[in-house]
Amino acid sequence: MSKIDGKRVVLSLVCVVLGFMIAFSYNLTKDNQGVREDKAWNQEYELRQQLIEQEKQNREFQKELLQKQDIVSKIEKDLAQEKQLFFNLAKDTEKYRMFLGKVKVRGTGLQVTLEDGTNMDPKANVNDYLVHEQHVFKVVNELYISGAEAVAINGQRLNRDSYIICNGPVITVDGHQHPAPFIISAIGDPDVLGASLDLPGGIKEQLVDDNIIFTMEKKKNIIFDPVIGG
Amino acid sequence: MWLPVFGLLIGIILGFLVDLDIPHEYSNYLSIAVLAAFDTLFGGIRAHLQDLYDEVVFVTGFFFNIVLAAGLAFLGVHLGVDLYLAAIFVFGVRLFQNIAMIRRILIDKWSNSRKKQKKNL
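Protein chains in written order, with this note's numbering: chain A, 4 to 233; chain B, 71 to 191.
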């Protein structure tokens, strides 16, 4: 009986091992399959989700890109306008510099020469035959009024704060003395300038009445150097 | 008689309760070992029915086959030869043969007993 019992015990041990292995294997296989399927499904789901997310993002970015492009084109237009503006400003600056005498200018113009009268009556007052500063003023003002862009007296260019004073037999322009004859040159349209001086009862006639020898010459090329220290 | 059945139950319960996590690549070896165990078990039953049962042979065969099958599969994986196929084939064929033998023996016994009963009647 004890022999049989021993057999049974050994057999039972074998059965325990077998049962354990079967159950364990079954468990493992079941788990693995579940996990694997789950994993695959999850992964696919996740990837799909990612794809959707990515596409959404892409669409947003696309929209953003379009907006940005709009902005860029606006900026470009602005830039073009600004360029135009700057171009105009530069032109203006050049013009103003020219008016201020800061740059060398060159162009067509008119040259007026004022000389003291010569056919003097011995009884008369000599002052009536001299060129006075008001005569120069008149000419200069008339030239400016009629559109002269730059004016110079005896080659000395006038700027915005030039002054002309009569100082005995000479005229002082910005501290430089100039004797007669006075050559007043102006850059501008020579025809316009000439015509404005030549008006009946205009500057020319007034000056001639004052016994001044008035000569006018149209020039094709007058060059003014910039005013130094101006 | 109930002891082995009891042992089997205990084993199954243990197997379900134990929550060991074996790496996936090793589950192949386990399944082959299970196959080897089945083969040996049915071989043992057949031997018992044929009165050829030897406990030592059975027990050693049980464990040795398990280890051998797993080892063979392991070797096969590392050599690049699918040796576990050989193990599955051999054990599978033997399993079917053994079960067939058991069936025949049981049928024989059953018909014999019926004849005896008829004779007795």
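For each residue, glycine too, the CB sits at the ideal point set by N, CA and C. Predicted model, so just to flag it, every value in this text is computed and none were measured.
Can residue i and residue j be called in contact, C-beta distance under 7 Å?
i	j	result
Ser199 of chain A	Ile225 of chain A	no
Ile215 of chain A	Leu117 of chain A	yes
Gly77 of chain B	Phe27 of chain A	no
Val154 of chain A	Met219 of chain A	no
Asp119 of chain A	Ala183 of chain A	yes
Phe23 of chain A	Gly131 of chain B	no
Asn162 of chain A	Val108 of chain A	no
Leu31 of chain A	Ala107 of chain B	no
Gly204 of chain A	Arg160 of chain A	no
Ile136 of chain B	Ala157 of chain B	no
Val13 of chain A	Val129 of chain B	yes
Asn157 of chain A	His181 of chain A	yes
Does residue i get closer than 7 Å to chain A when you measure Cβ to Cβ?
i	result
Leu84 of chain B	yes
Ala106 of chain B	no
Trp134 of chain B	Note on residue identity: the sequence assigns Phe, not Trp, to residue 134 of chain B. Answer no: the Cβ-Cβ gap between Phe134 of chain B and chain A never drops below 7 Å.
Val126 of chain B	no
Pro93 of chain B	no
Ile196 of chain B	Missing from the structure shown is residue 196 of chain B; chain B here goes from 71 to 191 and no further.
Pro74 of chain B	yes
Val137 of chain B	no
Gly131 of chain B	no
Ser183 of chain B	no
Gly77 of chain B	yes
Leu100 of chain B	yes
Gly141 of chain B	no
Kindly indicate if chain B contains any beta-carbon less than 7 Å away from that of residue i.
i	result
Ala26 of chain A	yes
Ala43 of chain A	no
Gly22 of chain A	yes
Val13 of chain A	yes
Leu31 of chain A	yes
Val17 of chain A	yes
Ser5 of chain A	Low confidence applies to Ser5 of chain A: its pLDDT is 47, below 50, so where it sits in the model is not reliable, and the reading given next is rough at best. So, not an interface residue.
For residue i and residue j, which I take to be in contact (beta-carbon distance under 8 Å), what is that distance rounded to the nearest angstrom?
i	j	result
Ala139 of chain B	Leu105 of chain B	7 Å
Asp201 of chain A	Lys207 of chain A	6 Å
Leu196 of chain A	Leu146 of chain A	6 Å
Val139 of chain A	Phe185 of chain A	6 Å
Arg11 of chain A	Pro93 of chain B	That pair is no contact at about 36 Å.
| Cβ contact check for the stretch 17-24 of chain A and the stretch 107-118 of chain B: 3 or more pairs under 8 Å | Remark: three or more beta-carbon pairs, one from each stretch, lie closer than 8 Å, so the stretch 17-24 of chain A and the stretch 107-118 of chain B are flagged as touching.
| Three or more C-beta pairs closer than 8 Å, one from the stretch 133-152 of chain A and one from the stretch 182-196 of chain A: is that the case here? | Yes, they touch.
| Along the chain, which unbroken stretches of the beta strand (DSSP E) at least 3 residues long are found entirely within the stretch 149-189 of chain A? | The qualifying runs are 153-156, 167-170, 173-176 and 179-181.
| At which residue ranges does the stretch 95-173 of chain B contain complete alpha helix (DSSP H) runs of 4 or more residues, listed in the order of the chain? | Runs of the alpha helix (DSSP H) inside the stretch 95-173 of chain B: 97-119 and 125-149.
| field | Any 3 or more C-beta pairs closer than 8 Å across the stretch 91-99 of chain B and the stretch 137-149 of chain B | value | Yes, they touch.
| field | At least three beta-carbon pairs within less than 8 Å, the stretch 171-181 of chain A to the stretch 92-104 of chain A | value | Result no; under three Cβ-Cβ pairs closer than 8 Å.
| said: With three or more C-beta pairs closer than 8 Å as the rule, is the stretch 156-169 of chain A touching the stretch 130-144 of chain A? | reply: A contact exists between the stretch 130-144 of chain A and the stretch 156-169 of chain A.
| request: Would you check if there are 3 or more beta carbon pairs closer than 8 Å linking the stretch 164-179 of chain B to the stretch 114-132 of chain B? | output: Contact holds: three or more Cβ-Cβ distances are below 8 Å.
| message | Quick check for students: name the residue ranges of the alpha helix (DSSP H) that lie wholly in the stretch 109-152 of chain A, counting only runs of 4 or more. | response | The qualifying runs are 136-148.
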